[in-house]
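**Q** In our numbering, the protein residues as written are 241 to 498. Where is the CB? At the ideal position from N, CA and C, for every residue including glycine.
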Ligand code: XBP
Ligand code: MG
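1. Please report the distance separating the alpha-carbon of residue 310 from that of residue 424.
2. Residue 275: beta carbon under 8 Å from a heavy atom of ligand 2?
3. What is the rounded straight-line gap between the Cα of residue 300 and the Cα of residue 479?
4. Please identify the residue among 392, 289 and 324 whose C-alpha is closest to the C-alpha of residue 452.
5. Counting only the same chain and skipping the five closest in sequence on each side, list residues whose C-beta sits under 7 Å from that of residue 360.
6. Our contact map puts residue 401 next to residue 381 with C-beta atoms below 8 Å; I'd like the distance itself, whole angstroms only.
7. Determine whether the beta carbon atoms of residue 374 and residue 337 lie at a separation below 9 Å.
8. Given this structure, state the Cα-to-Cα distance separating residue 433 from residue 457, to the nearest angstrom.
9. Tell me whether residue 365 counts as near ligand 2, meaning its Cβ is closer than 8 Å to at least one heavy atom of that ligand.
10. Between residue 466 and residue 314, what straight-line distance do the alpha-carbon atoms span, to the nearest angstrom?
11. Have a look at residue 445 and residue 487 and give me their C-alpha separation to the nearest angstrom.
12. Just grab the DSSP bridge partners of residue 391 for me.
13. When you measure from the CB of residue 379 to every non-hydrogen atom of ligand 2, does any distance come out below 8 Å?
14. Where does residue 269 sit, in a helix, a strand or coil, going by DSSP?
15. Only counting the same chain, and skipping five residues up and downstream in sequence, which positions put a Cβ closer than 8 Å to that of residue 342?
16. In the DSSP assignment, find the beta strand (DSSP E) that holds residue 437 and state where it starts and stops.
17. Ignoring anything shorter than 3 residues or poking outside the stretch 407-492, list the beta strand (DSSP E) runs there in chain order.
18. So, using beta-carbon positions, are residue 426 and residue 285 closer together than 9 Å?
19. Spell out the partners DSSP gives residue 327 in its beta bridges.
20. Between residue 385 and residue 272, what straight-line distance do the alpha-carbon atoms span, to the nearest angstrom?
21. Measure the C-alpha to C-alpha separation of residue 391 and residue 324 and round it to an integer number of angstroms.
22. Which of the three DSSP states, helix, strand or coil, is assigned to residue 278?
23. DSSP three-state call for residue 291: helix, strand or coil?
24. Throw me the rounded Cβ distance for the residue 410 and residue 362 pair, which I believe falls under 8 Å.
25. Quick one: grab the DSSP three-state call for residue 259.
26. Does any heavy atom of ligand 2 sit closer than 8 Å to the C-beta of residue 253?
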């Protein structure tokens, strides 16, 4: 098999598998703030700005340092961030367990197709591993945890996206050439990370990322689409396709010259 044959699909989680940020992570952060007695509230708009920093702990630190919110505590900042983030993860996983967030269009169909074709699958994300598990179980059932050969997530690498480290980690774990993979991302931080590891990348935008710069993307779509729920192509050439199936994924991949 040539190194450029498509062998694996690598999926970001937040914003790509599901729209988790506005009604999931943001809500969980706010619940953790209330629980800690902090008078902080991350509005939908403010959260959009805070998303420039990937990683929940990193995002809280950035908020404290850049926005100077009221902070009446004798607790060292590092400890406060860790405690807030633990509480946030608890709230987030509880929210998902209640079935709060569905998968985006086409995600389950594409995963099913890829499994049927014996393509290799991985998760490559900044988020905490417990959050990935909670999303997969609540949307696809616990069986789906076995679908992914590698779950590259959270603090397994010190430098989060946009650094390419988490993709390098997954490639190394799976012993894969970057050119034999296709990554799925939703954000500029995400594509900087995947392209930084030389992995061809498809973008599905969302409300928070729609005006970001996706230079270098193989394809930019509003979502993966489904039969009866066609995608809109924002950048790229898909011929007559109306949804991203394996055939289109392979064509996009083959069309790239790296
Ligand atoms: C997602 C993130 C995550 C979540 C929070 O980025 O930035 O930080 O918002 O997750 P990506 P944690 O989709 O590029 O992986 O709080 O667990 O860090
Ligand atoms: Mg993302």
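**A** Once the coordinates are examined:
1. As a first step, residue 310 is located in the chain shown; it is residue number 70 there, counting from the start. As a first step, residue 424 is located in the chain shown; it is residue number 184 there, counting from the start. Near 38 Å, if we compare the C-alpha coordinates of residue 424 and residue 310.
2. Within the chain shown, the letter at position 35 stands for residue 275. The answer is no for residue 275.
3. Reading the chain shown from its first residue, position 60 is the one you call residue 300. Reading the chain shown from its first residue, position 239 is the one you call residue 479. Straight-line measurement puts the Cα of residue 479 at about 44 Å from the Cα of residue 300.
4. If you number the chain shown from 1, residue 452 lands on position 212. The shortest Cα separation from residue 452 among 392, 289 and 324 belongs to 289.
5. In the chain shown, residue 360 corresponds to position 120, counting from 1. Result list for residue 360: 247, 248, 389 and 414, in chain order.
6. Counting from one through the chain shown, the residue named residue 401 turns up at place 161. Counting from one through the chain shown, the residue named residue 381 turns up at place 141. With a Cβ gap of about 28 Å, residue 401 and residue 381 do not count as contacting.
7. Residue numbering aside, residue 374 sits at position 134 when the chain shown is read from its first letter. Residue numbering aside, residue 337 sits at position 97 when the chain shown is read from its first letter. Yes.
8. As a first step, residue 433 is located in the chain shown; it is residue number 193 there, counting from the start. As a first step, residue 457 is located in the chain shown; it is residue number 217 there, counting from the start. C-alpha separation (whole angstroms): 12 Å.
9. On the chain shown, residue 365 is found 125 positions in, with the first residue counted as 1. Annotation for residue 365 indicates a beta carbon within 8 Å of some heavy atom of ligand 2.
10. By 1-based counting over the chain shown, the position of residue 466 is 226. By 1-based counting over the chain shown, the position of residue 314 is 74. Annotation: residue 466 to residue 314 spans about 52 Å, alpha carbon to alpha carbon.
11. Taking the chain shown and counting its residues from 1, one reaches residue 445 at position 205. Taking the chain shown and counting its residues from 1, one reaches residue 487 at position 247. If you take the alpha carbons of residue 445 and residue 487, they lie about 21 Å apart.
12. The residue given as residue 391 occupies position 151 in the chain shown. Answer is 363, bridged to residue 391.
13. Taking the first residue of the chain shown as position 1, residue 379 is located at position 139. Incorrect: residue 379 has no Cβ contact closer than 8 Å to ligand 2.
14. The residue given as residue 269 occupies position 29 in the chain shown. It is helical.
15. Stepping through the chain shown from its first residue, residue 342 is reached at position 102. So the qualifying residues of the chain are 258 and 379.
16. Numbered from its first residue, the chain shown carries residue 437 at position 197. Where residue 437 is concerned, there is no enclosing beta strand (DSSP E), because DSSP gives it neither an H nor an E.
17. Those beta strand (DSSP E) runs which fall completely within the stretch 407-492 and span 3+ residues are 421-425, 441-444, 459-461 and 473-475.
18. As a working mapping, residue 426 is identified with position 186 in the chain shown. As a working mapping, residue 285 is identified with position 45 in the chain shown. Remark: C-beta atoms of residue 426 and residue 285 do not approach each other more closely than 9 Å.
19. By 1-based counting over the chain shown, the position of residue 327 is 87. Partner(s): none; residue 327 has no beta bridge.
20. In the chain shown, the residue the question calls residue 385 occupies position 145. In the chain shown, the residue the question calls residue 272 occupies position 32. Straight through space, the alpha carbons of residue 272 and residue 385 are spaced by roughly 27 Å.
21. Along the chain shown, read from residue 1 onward, the residue named residue 391 stands at position 151. Along the chain shown, read from residue 1 onward, the residue named residue 324 stands at position 84. Rounded to whole angstroms, the separation of the alpha carbons of residue 324 and residue 391 is 24 Å.
22. For the purposes of this step, residue 278 is taken as residue 38 along the chain shown, with counting starting at 1. Residue 278 falls in the coil class under three-state DSSP.
23. Counting from one through the chain shown, the residue named residue 291 turns up at place 51. Shown here, residue 291 sits in coil according to DSSP, grouped into three states, outside any helix or strand.
24. For this step, residue 410 is matched to residue 170 along the chain shown. For this step, residue 362 is matched to residue 122 along the chain shown. For a cut-off of 8 Å, the C-beta gap from residue 410 to residue 362 is around 5 Å, short enough to register as a contact.
25. Residue 259 sits at position 19 when you count from the first residue of the chain shown. Coil, per DSSP.
26. Taking the chain shown and counting its residues from 1, the one referred to as residue 253 is at position 13. Correct: residue 253 has its Cβ closer than 8 Å to ligand 2.
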